[in-house]
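Engineer: Mind looking over this structure? Questions follow.
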Amino acid sequence: MIQLQNVNKSFKGDLAIQNLNLNVNKGEILGLLGANGAGKSTTINMLLGFLKPDSGKVSINKIDTTHNSQETRKLVGYIPENVNLYPYLSGLENLDYFCKLAGLKYTKSQLETYLTTCGLASEAHNKKVGGYSKGMRQKVGIAIAYAKKAKVYLLDEPASGLDPLASNELSILLKKLASEGATILMASHDIFRVREVCNRIGILKNGVLVKELHSKNVSANELETLYLQFMQN
Amino acid sequence: MLQIIKNEWRFFVRSRIFLSISIAFIAILLLSVFLGNYQTQKQQQTHQNAKDHVRQQWVSIDEMNPHSAAHYGTYVFKPSNLLSSLDEGVNTVTGNVLRVEGHVQNEIIHSEASQMQAVSRFGKLKPSLLLQYIVPLLLIFLAFNTVSNEKQTGRLKLLVLQGAKPLQIILSKALSVWLYGVLLLTFILLVYGVLNFQSLNSEILIRTGLFFLTYCLYYFIISGLTVFFSARWQNATLSLTSMLGIWIIWTLFLPNILMSSVEKWNSLPSRNEFQSAMKEDRSKGLDGHNPADKRGIALKEKVLKEYGVDSLSQLPINFDGMRMQADEDYGNSVWDKHFGNNRDILQKQKKNFQLGGMVNPFISLQNTSMGFMASDNLHHQEFLLQVENYRRVFIKMLNDKQTFGGSKTGNWGWKEDNAFFKSVPDFDYKPTQISVVLPNYILDMFFMMLWSILVVVLIVLGTKKIQIV
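Okay, here's the thing in structure tokens:
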């Protein structure tokens, strides 16, 4: 579903991504670990079609994101580190607005179902987002992608700043989405969360994918040791 | 696009600060409309009272020599129209009373500004003041961060991912802000319409419609340009600073600089120069009160010949009246020459000032606003011309009565009765029709449209360079 082939990207001469090859299949969750500036967000922005690779091919569902970004964006749900919604609208209104922008018209009960499915308590549906916690906003963000019937979810540091309970809820939700057939790529610093949620893990360092492994083959402690080794070398 | 506009408006409506400012501003606008209307109606009443009083004086003349009556003269008052309650234009400084008499074309006097308290001279609270200066500022404050805020919060990314095109987003934001300005404008005009419902006619409606159109164009330019800067610059402070700079240059500096330059390029003679030149030219003509005047004697010879008589006493008419009218005719040609020259210079000034609209649409807005509300210098000049035309008819009627009314030359004691003075028509001002003066404002409208297109082009081109990440 997600494919990056020999991708290179530089900014003003500085290489951000070097010869990156990556595949994420349907129903799979790939976690990208890496320090700040490792190239995680650049990878996601290339998948979103906001950045063009200098060379190589970036595709979603075999559609080139560089030349057909309008098409690939229809398949993608994006959840940034901070889901900044419109604070003067309720969660329900935000979801309704973003759905309408995508040309989707849902009834109120359908919208409520999406929010509930994504873990937002029904009491919060009609409250202004300005009073939401970060976790609640993440849930609305995921509901926007879910209601859009996204095939691919791209998450950029989604658990950053979430309390353990919210972070756990997010993990459960992502697993549920994957079990329904969604393809998920999650960039994160959180080794333990990535190990818990993802099927496969890739470690990015200075734009290079230095390691790729299956999470079931590694414990959280082993992963941390491995990650620190790569970062320190 | 409609969804984005609706969402913007939800923000406007749900923002307490915005609502408070809007309510306060609407209250001030309402006050300005009420005050403007009240002042205009009061002026109309005062004008009517003064006009009635002066007319009463005239028709109460029992018996008087017609030429003495020409010296006695009358007064003409510049009527204030309902439209000027929206934009007073030059009316406060041009004066509103003209003495009409024989031999001389007097200047209009008693400007409102000359009778005001010092503080009031800085400008009265009229809707045009708010619509031209304050509404654009409100639009700038509403629009300066509409796109930059979306960029900074990362929502622009989400909007684009949901399928909204950057051009749609930016245009919708510009239209949302523009609609706010249009709404305020509509509100003002509706209140104005309700207050003056009885007096509305097609002329007022057309003029108000054009007034509405030009303000709509100007608000679009301001809203579009601000949203363009908001999209183009990386932060909101920069877009606010840019637009405030443009607002200051457009509204405060450029109009004054351009007007001063235009006045220098095409300078009018000073009042003294004008009067001296008139006096000099007039002295070359016939003196109606001097029987020894050479041109007067030539006219006398001509008339005697025409009537086939040897002396003035044999004439069946009063030659004094004829000489007075000849004096008047000459004076009129002198006035036509000098006043016409001034009118030409004013036209050139207006044309050159209008060209300023190329770099500053505010100039075009001011021109059209005053013009469509019949309060600019062009309308004032039309009024002066009508008064002069009336003066000529008025004086000729008196001189003709002196000439052909039955008196003899030299009989200055001869008098006409009250019926004649009652038959002299009163000044009846015919307001200048918009269809007549509209061509004078085509250039302003053209520049406003050009600016609107330019703003759309800027938005379209700017959107291509917008950085979403």
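So the protein lines, in turn, are chains A and B.
Just so you know, the first sequence maps onto residues 1 to 233 in UniProt numbering.
Just so you know, the second sequence maps onto residues 1 to 469 in UniProt numbering.
For glycine and all other residues, C-beta sits at the position ideal for the given N, C-alpha and C.
So is residue 225 of chain A buried or exposed if we call it buried at 16+ other beta carbons inside 10 Å?
Structural biologist: Reading the first sequence from its first residue, position 225 is the one you call residue 225 of chain A. With fewer than 16 Cβ atoms within 10 Å of its Cβ, residue 225 of chain A is classed as exposed.
Engineer: Does the region 163–179 of chain A come close enough to the region 189–206 of chain A that 3 or more CB-CB pairs lie under 8 Å?
Structural biologist: Yes: at least three Cβ pairs fall under 8 Å.
Engineer: Under the assumption that residue 155 of chain A contacts residue 186 of chain A (Cβ atoms under 8 Å), give the Cβ distance between them as a whole number of angstroms.
Structural biologist: Residue mapping note: residue 155 of chain A aligns to position 155 of the first sequence, counting from 1. Residue mapping note: residue 186 of chain A aligns to position 186 of the first sequence, counting from 1. That pair is a contact at about 4 Å.
Engineer: Beta-carbon within less than 8 Å of residue 255 of chain B's beta-carbon, same chain only, minus the 5 sequence neighbours each way: which residues are those?
Structural biologist: Stepping through the second sequence from its first residue, residue 255 of chain B is reached at position 255. Contacts found: 356, 360, 362, 363 and 366.
Engineer: What separation, rounded to the nearest whole angstrom, lies between the Cα atoms of residue 266 of chain B and residue 140 of chain B?
Structural biologist: Within the second sequence, residue 266 of chain B is the residue found at index 266, counting from 1. Within the second sequence, residue 140 of chain B is the residue found at index 140, counting from 1. So the alpha carbons of these two residues sit roughly 36 Å apart.
Engineer: Tell me, please, whether the CB atom of residue 356 of chain B is closer than 7 Å to any CB atom in chain A?
Structural biologist: The sequence position of residue 356 of chain B within the second sequence is 356, counting from 1. False, the Cβ-Cβ gap to chain A never drops below 7 Å.
Engineer: Can you tell me the Cβ-Cβ gap for residue 81 of chain B and residue 374 of chain B, rounded? I've got them flagged as a contact below 8 Å.
Structural biologist: Here residue 81 of chain B refers to the residue found at position 81 when the second sequence is read from its first residue. Here residue 374 of chain B refers to the residue found at position 374 when the second sequence is read from its first residue. Correct: roughly 6 Å between the Cβ atoms.
Engineer: Excluding five sequence neighbours on each side, which residues of the same chain lie with their C-beta closer than 6 Å to the C-beta of residue 190 of chain A?
Structural biologist: Against the first sequence, residue 190 of chain A aligns to sequence position 190. Hits under 6 Å: 159.
Engineer: From the beta carbon of residue 126 of chain A, is the nearest beta carbon of chain B less than 7 Å away?
Structural biologist: The count along the first sequence starts at 1 and reaches residue 126 of chain A at position 126. Closer than 7 Å: no.
Engineer: Using a cut-off of 9 Å between C-beta atoms, extract the partners of residue 114 of chain A located in chain B.
Structural biologist: By one-based count along the first sequence, residue 114 of chain A stands at place 114. The premise fails here: residue 114 of chain A is roughly 14 Å from chain B at the closest Cβ pair, so nothing lies under 9 Å.
Engineer: What residue ranges within the region 115–184 of chain A form continuous beta strand (DSSP E) runs of no fewer than 3 residues, ordered along the chain?
Structural biologist: Runs found: 152–156.
Engineer: If you follow the beta strand (DSSP E) that residue 16 of chain A is in, where does it begin and where does it stop?
Structural biologist: For the purposes of this step, residue 16 of chain A is identified with residue 16 of the first sequence, where counting begins at 1. Looking at the DSSP string, the run of the beta strand (DSSP E) that includes residue 16 of chain A is 14–24.
Engineer: Which residue comes first and which comes last in the beta strand (DSSP E) that contains residue 78 of chain A?
Structural biologist: Counting from 1 along the first sequence, the entry for residue 78 of chain A is found at position 78. Its beta strand (DSSP E) spans residues 76–79.
Engineer: Exposed or buried, which one is residue 147 of chain A when buried takes at least 16 other CB atoms within 10 Å?
Structural biologist: Here residue 147 of chain A refers to the residue found at position 147 of the first sequence. It counts as buried.
Engineer: Going by C-alpha distance, which of B:306, B:333, B:304 and B:270 is nearest residue 284 of chain B?
Structural biologist: Here residue 284 of chain B refers to the residue found at position 284 of the second sequence. Of the listed residues, the one whose Cα sits closest to residue 284 of chain B is B:333.
Engineer: Of all Cβ atoms in chain A, is any one closer than 7 Å to the Cβ of residue 161 of chain B?
Structural biologist: Indexing the second sequence from 1 puts residue 161 of chain B at position 161. Residue 161 of chain B counts as touching chain A.
Engineer: Report the partner residues of residue 99 of chain B according to the DSSP bridge assignment.
Structural biologist: Residue mapping note: residue 99 of chain B aligns to position 99 of the second sequence, counting from 1. Partner(s): B:75.
Engineer: Within the 7 Å Cβ cut-off, does residue 207 of chain B reach chain A?
Structural biologist: Sequence index remark: in the second sequence, residue 207 of chain B carries index 207 (1-based). It does not: the Cβ of residue 207 of chain B has no partner Cβ on chain A nearer than 7 Å.
Engineer: Start and end of the alpha helix (DSSP H) containing residue 36 of chain B?
Structural biologist: Here residue 36 of chain B refers to the residue found at position 36 of the second sequence. Unbroken alpha helix (DSSP H) run through residue 36 of chain B: 16–59.
Engineer: Could you tell me whether the Cβ atoms of residue 204 of chain A and residue 38 of chain A are closer together than 7 Å?
Structural biologist: Within the first sequence, the letter at position 204 stands for residue 204 of chain A. Within the first sequence, the letter at position 38 stands for residue 38 of chain A. Yes, the Cβ-Cβ distance between residue 204 of chain A and residue 38 of chain A is below 7 Å.
Engineer: Distance cutoff 7 Å, beta carbons only. Does residue 68 of chain A sit that close to anything in chain B?
Structural biologist: Looking up residue 68 of chain A in the first sequence gives position 68. No, because no Cβ of chain B sits closer than 7 Å to the Cβ of residue 68 of chain A.
Engineer: Cutting at 8 Å between CB atoms, please list the residues of its own chain near residue 422 of chain B, excluding the five before and the five after it.
Structural biologist: Along the second sequence, one-based indexing puts residue 422 of chain B at 422. Excluding positions up to five away in sequence, the list reads 59.
Engineer: Buried or exposed: residue 298 of chain B, going by 16 or more other Cβ atoms within 10 Å of its Cβ?
Structural biologist: Numbered from 1 along the second sequence, position 298 holds the residue referred to as residue 298 of chain B. It counts as exposed.
Engineer: Return the CA-CA distance between residue 203 of chain B and residue 442 of chain B, expressed in angstroms with no decimal places.
Structural biologist: Here residue 203 of chain B refers to the residue found at position 203 of the second sequence. Here residue 442 of chain B refers to the residue found at position 442 of the second sequence. Rounded to the nearest angstrom, the two C-alpha atoms are 18 Å apart.
Engineer: Taking 7 Å as the CB-CB cut-off, is residue 146 of chain A touching chain B?
Structural biologist: Start at 1 with the first residue of the first sequence, and residue 146 of chain A comes out as number 146. No, residue 146 of chain A lies away from the interface with chain B (no Cβ there is under 7 Å from its Cβ).
Engineer: Just mark residue 416 of chain B as buried or exposed, buried being the case when its beta carbon has 16 or more other beta carbons within 10 Å.
Structural biologist: The sequence position of residue 416 of chain B within the second sequence is 416, counting from 1. Result: buried.
Engineer: Would you mind working out which of B:273, B:425, B:346 and B:466 sits nearest residue 440 of chain B, comparing C-alpha positions?
Structural biologist: In the second sequence, residue 440 of chain B corresponds to position 440, counting from 1. Checking every option, the nearest Cα to that of residue 440 of chain B belongs to B:346.
Engineer: Give the residues from the region 2–13 of chain B that approach chain A closer than 7 Å (Cβ to any Cβ), ordered along the chain.
Structural biologist: The residues in question are 3, 7, 10 and 11.
Engineer: Does the CB of residue 460 of chain B have a neighbour CB from chain A at under 7 Å?
Structural biologist: Residue numbering aside, residue 460 of chain B sits at position 460 when the second sequence is read from its first letter. Residue 460 of chain B does not count as touching chain A.
Engineer: Taking the straight line between their C-alpha atoms, what separation do you get for residue 463 of chain B and residue 161 of chain B?
Structural biologist: Within the second sequence, the letter at position 463 stands for residue 463 of chain B. Within the second sequence, the letter at position 161 stands for residue 161 of chain B. Going by the C-alpha atoms only, they are around 16 Å apart.
Engineer: Rounded to a whole number of angstroms, what is the C-alpha to C-alpha distance between residue 338 of chain B and residue 353 of chain B?
Structural biologist: Position 338 of the second sequence holds residue 338 of chain B. Position 353 of the second sequence holds residue 353 of chain B. Going by the C-alpha atoms only, they are around 22 Å apart.
Engineer: For the beta strand (DSSP E) containing residue 212 of chain A, list its first residue and its last residue.
Structural biologist: Translated into the one-based positions of the first sequence, residue 212 of chain A becomes position 212. Residue 212 of chain A -> beta strand (DSSP E) spans 208–214.
Engineer: Taking residue 6 of chain B as the reference, which of B:179, B:130 and B:37 has the closest Cα?
Structural biologist: Translated into the one-based positions of the second sequence, residue 6 of chain B becomes position 6. Cα-wise, what sits closest to residue 6 of chain B is B:179.
Engineer: Around the Cβ of residue 306 of chain B, are there at least 16 other Cβ atoms within 10 angstroms (buried) or fewer (exposed)?
Structural biologist: As a first step, residue 306 of chain B must be located in the second sequence, where it is residue number 306. The residue is exposed, with fewer than 16 neighbouring Cβ atoms inside 10 Å.
Engineer: Tell me the DSSP secondary structure of residue 57 of chain A in three-state form.
Structural biologist: Sequence index remark: in the first sequence, residue 57 of chain A carries index 57 (1-based). Note: residue 57 of chain A maps to strand in three-state DSSP.
Engineer: Does residue 463 of chain B come within less than 7 Å of chain A when only Cβ atoms are used?
Structural biologist: As a working note, residue 463 of chain B is residue 463 in the second sequence. By this cut-off, residue 463 of chain B is not an interface position.
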